[in-house]
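Report on the following structure.
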Amino acid sequence: MSRRSVRNLIFGIILQVVILVLIYNNSKTSRYSTISCDDLLNEWNPEVLVLLIDLNFLENLKTDDCRWDETKKFKIGVHVKDKDRSIIDTNRFNVVLYDSPDNKDFLEFNEDGKRIVPKRFETRRIGNFEVPTNIQRFVEFYKRSKFVECLGLEMDRKRLKRAYQNGPYSSGILSRFRDELIDMGMYPYLNGGTVLGWYRECTVIPHTRDMDLAVFKENFKPEYAEKVLNGDSDFGLRRKFGMLEDSLELTVFMKGTRRPLIDLFVMYDGMENGSLTHHYVSGLNRDGTKYRYTYPIYDPWCAAVLHDHIFWVSCSPMKQVKHIFWVPCDAKEQLKHEYGPLWYRDHPTDKYKWNKSGKNVKKVGKFSKEEMKKYYLKYKN
Ligand SMILES: *[C@@H]1O[C@H](CO)[C@@H](O)[C@H](O)[C@H]1NC(C)=O
Ligand SMILES: *[C@@H]1O[C@H](CO)[C@@H](O)[C@H](O)[C@H]1NC(C)=O
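With the working numbering, the residue at position 101 of the sequence shown is 101, and numbering never jumps.
See the structure below:
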């Protein structure tokens, strides 16, 4: 045999071995393969259309790994209209009734008081199960679904000189911005004066000129600013201040409108001696002065309603509220932190200095002229 044919022979043998190993491994995975989720759901098919909302089950579905302890119930949403005629096996299912009000952009679940999630998710059908297509999105929605009520104080605005915002209109625009961010995989929450208005008055403070949202740094998608600049958005970019590392802030407006402007703050982890002690967002002055607005650590999330639109708000953590019995989702502590003990009184916007009036603001440095060329960007559009 020539050297060349020996080589070919050896190569052929190796190839066969590789193929055999591949076939073997494949058969092994299918032999041990777990029940497919579709099969399991078909077996458990309920009589009426239900929504699969069990977060553990949904996590399994992500990998199509449906080894499910059959003694364990899983959670489904049953529409209130099917409440009476539903013949659902409650030994198998943990039933949560829900409603889908026409005039609102969220579903309401009768669980833990009330939970609400945006309608903005698609489902696919497996028998009579409606299963969220984008499981991660639904899980993120449900994690933030605990409903928290606003206070609705009557404000004395007899001397209000000028209203810049109308609550329903501004909330509608803000909800469209929220949707764009959700579609990018971001989960923004109300911030600053917009939290104050929602909690105190259940609306937008009429004499403020803009609305504020924040998103955590690890959830922020820097490519969003590019998308907006490329015109691939219903919104336009007005300002981009600061650095992605510790101080980014975007200001947008909805195309075809001048007001409200919406600030999107990136919220950063505030570390002290290697541990997380607070969060902060940034502000930047024309002269380069940098500010930081600090917040208590927040977690978990709650959901709020502003003129029939759902928005997320933060809940105050127990450790921030000393000597006070902790009420989950109590926004009051956060407001006290930012606006002081008299947060419930109206404060004219023209007397409110963005870089001074807040109780939680401090100067943290200054950008040089050179840095300002990169980090203080205004757009004409
Ligand atoms: C961080 O460490 C310094 C020096 O050890 C100490 O003075 C300071 O109180 C610590 N801060 C916090 C928040 O623990
Ligand atoms: C706040 O900003 C204004 C300009 O917008 C500036 O004149 C003033 O010095 C700033 N105040 C503080 C406390 O930084």
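C-beta atoms are modelled at their ideal positions from N, C-alpha and C, and glycine is treated no differently.
Assigned secondary structure, residue i (DSSP; H/G/I helix, E/B strand, else coil)
i	result
residue 303	strand
residue 243	coil
residue 78	strand
residue 223	helix
residue 168	helix
residue 125	strand
residue 349	helix
residue 267	strand
residue 367	coil
residue 119	coil
residue 207	coil
residue 322	Residue confidence is low: residue 322 scores 30 on pLDDT, short of 50, so the model does not pin down where it sits. No coordinate-derived value is stated.
residue 130	strand
residue 145	coil
residue 65	coil
residue 94	strand
residue 178	helix
residue 282	strand
residue 5	helix
residue 327	Because residue 327 carries a pLDDT of 37, less than 50, the predicted location of this residue cannot be relied on, and no value is offered for it.
residue 186	coil
Closest Cα partner of residue i within the set the options
i	options	result
residue 227	180, 115 and 308	180
residue 166	196, 207 and 128	207
residue 170	68, 334, 213 and 51	213
residue 366	380, 290, 337 and 351	290
residue 79	65, 96 and 71	96
residue 162	205, 124, 196 and 168	205
residue 224	251, 269 and 203	251
residue 369	363, 285 and 340	285
residue 385	85, 93 and 81	Outside the modelled stretch of the chain, which goes from 1 to 381, sits residue 385, for which no answer is possible.
residue 211	187, 254, 217 and 186	254
residue 272	258, 297 and 287	297
residue 189	314, 67 and 231	314
residue 156	164, 115, 168 and 201	201
residue 219	231, 187 and 197	187
residue 235	270, 182, 262 and 35	262
residue 61	49, 128, 133 and 117	133
residue 361	257, 66 and 281	281
residue 178	164, 47, 168 and 215	215
residue 111	256, 98 and 71	98
residue 46	137, 301 and 128	128
residue 264	249, 168 and 274	249
Check whether residue i and residue j have beta carbons under 8 Å apart
i	j	result
residue 267	residue 221	no
residue 199	residue 229	no
residue 135	residue 38	no
residue 283	residue 295	no
residue 41	residue 195	no
residue 333	residue 358	no
residue 51	residue 130	yes
residue 73	residue 94	yes
residue 53	residue 120	no
residue 217	residue 269	yes
residue 303	residue 116	yes
Buried versus exposed, by CB contacts within 10 Å (16 or more), residue i
i	result
residue 371	exposed
residue 146	buried
residue 191	buried
residue 113	exposed
residue 203	buried
residue 7	exposed
residue 385	The question about residue 385 has no answer, for the chain in this structure spans 1 to 381.
residue 75	buried
residue 348	exposed
residue 193	buried
residue 247	buried
residue 77	buried
residue 160	exposed
residue 124	exposed
residue 84	exposed
residue 197	buried
residue 67	exposed
residue 287	exposed
residue 258	exposed
residue 363	exposed
residue 209	exposed
residue 168	exposed
Beta carbon proximity, residue i to chain E, threshold 8 Å
i	result
residue 63	Absence of chain E from the displayed structure is noted, only one protein chain being present.
Inter-stretch contact at 8 Å, needing at least 3 Cβ pairs: the stretch 85-101 / the stretch 170-187:
no
Count Cβ pairs between the stretch 103-111 and the stretch 306-314 that sit closer than 8 Å; are there 3 or more?
yes
Given 8 Å as the limit, is there contact between the stretch 134-142 and the stretch 344-352, that is, 3 or more CB pairs closer than that?
no
Is the stretch 360-378 touching the stretch 236-243, taking contact as three or more C-beta pairs under 8 Å?
yes
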